[in-house]
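Numbering (the UniProt record's numbering), first residue to last: 1 to 217.
First the structure, in the form of structure tokens, and then the observations on it.
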Amino acid sequence: MLLHFLSSFLYLDLHFHLFHSMLHEMKESVENPLHLKSVNHISLICTSVVKSINFYQNILGFFPIRRPGSLDFDGAWLFGYGIGIHLLQVEDPSNIPRKKEINPKDNHISFQCESMGAVEKKLEEMETEYARATVEEGGIKVDQLFFHDPDGFMIEICNCDILPVIPLASDMVRSCSRMNLQMLQQRQIHQIVKQDSAFPSGHTKIQMLLFRSHMHV
1 MLLHFLSSFL
11 YLDLHFHLFH
21 SMLHEMKESV
31 ENPLHLKSVN
41 HISLICTSVV
51 KSINFYQNIL
61 GFFPIRRPGS
71 LDFDGAWLFG
81 YGIGIHLLQV
91 EDPSNIPRKK
101 EINPKDNHIS
111 FQCESMGAVE
121 KKLEEMETEY
131 ARATVEEGGI
141 KVDQLFFHDP
151 DGFMIEICNC
161 DILPVIPLAS
171 DMVRSCSRMN
181 LQMLQQRQIH
191 QIVKQDSAFP
201 SGHTKIQMLL
211 FRSHMHV
């Protein structure tokens, strides 16, 4: 009888771990289908690599890094704040439309800063044209500064981290996915219970599985 108990217990333990692994993979694929980790770099075409390096290095604080020698076109790589900036020298500068007006609704990349005042002072010292904007939500005021790089690509500096991140539809999708996984797990547990009898100790396998699921979560 003890041998039957041990063999049944080992069977359930292996089955549970396999099922738990399957649920983990399903949950991961729903929330991060491509298994992404972070933003690696932003690639920008420019009319002058030298001018763009000067801008991203001396104004935004990026630093040049080694670029693969196998790349057979002019350009430069810079790195900072956990992301890269890849500059590509355009063959015909006239192909890049020049933007004169600063439009906060234009495509742009945004950087978080420690002091908006210090950023504004630096831009004024370097005679860089910029525009101010604000966003207010729930009594919280977010300050924004917008300006262009040498080729008219929009840059934003802000203190956006004071604004809380509140998930909307994506959170509902995750919640529904968790509910579906829980329902699937319950159905699988009931199938196991139908296949085998109760443990000698008096605890059914459904009770043991629920107990072990709490131990592993």
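We treat Cβ as the ideally placed atom computed from N, Cα and C, and that holds for glycine.
All figures in this text were calculated on a predicted structure; none of them were measured in a lab.
- When DSSP states are grouped into helix, strand and coil, Met154 belongs to the strand group.
- Close CB contacts of Pro93 within its chain, under the 6 Å cut and outside five residues either way in sequence, are with Thr47 (chain order).
- Per DSSP, the beta-bridge partners of His86 are Ser43 and Trp77.
- If you draw a 10 Å sphere on the C-beta of Ala76, you find 16 or more other C-beta atoms in it, and that means buried.
- Rounded to the nearest whole angstrom, the C-alpha separation of Asn40 and Cys113 is 20 Å.
- Asp143 is bridged by DSSP to Thr134.
- The beta carbons of Leu44 and Leu88 sit closer together than 8 Å.
- Closest in C-alpha terms to Asp143, from the list Phe153, Cys160, Thr128 and Glu129, comes Cys160.
- Secondary structure at Ser48: coil, using DSSP grouped into helix, strand and coil.
- Under the three-state reduction of DSSP output, Phe55 falls in the helix class.
- A Cβ-Cβ contact shorter than 8 Å links Lys51 with Pro150.
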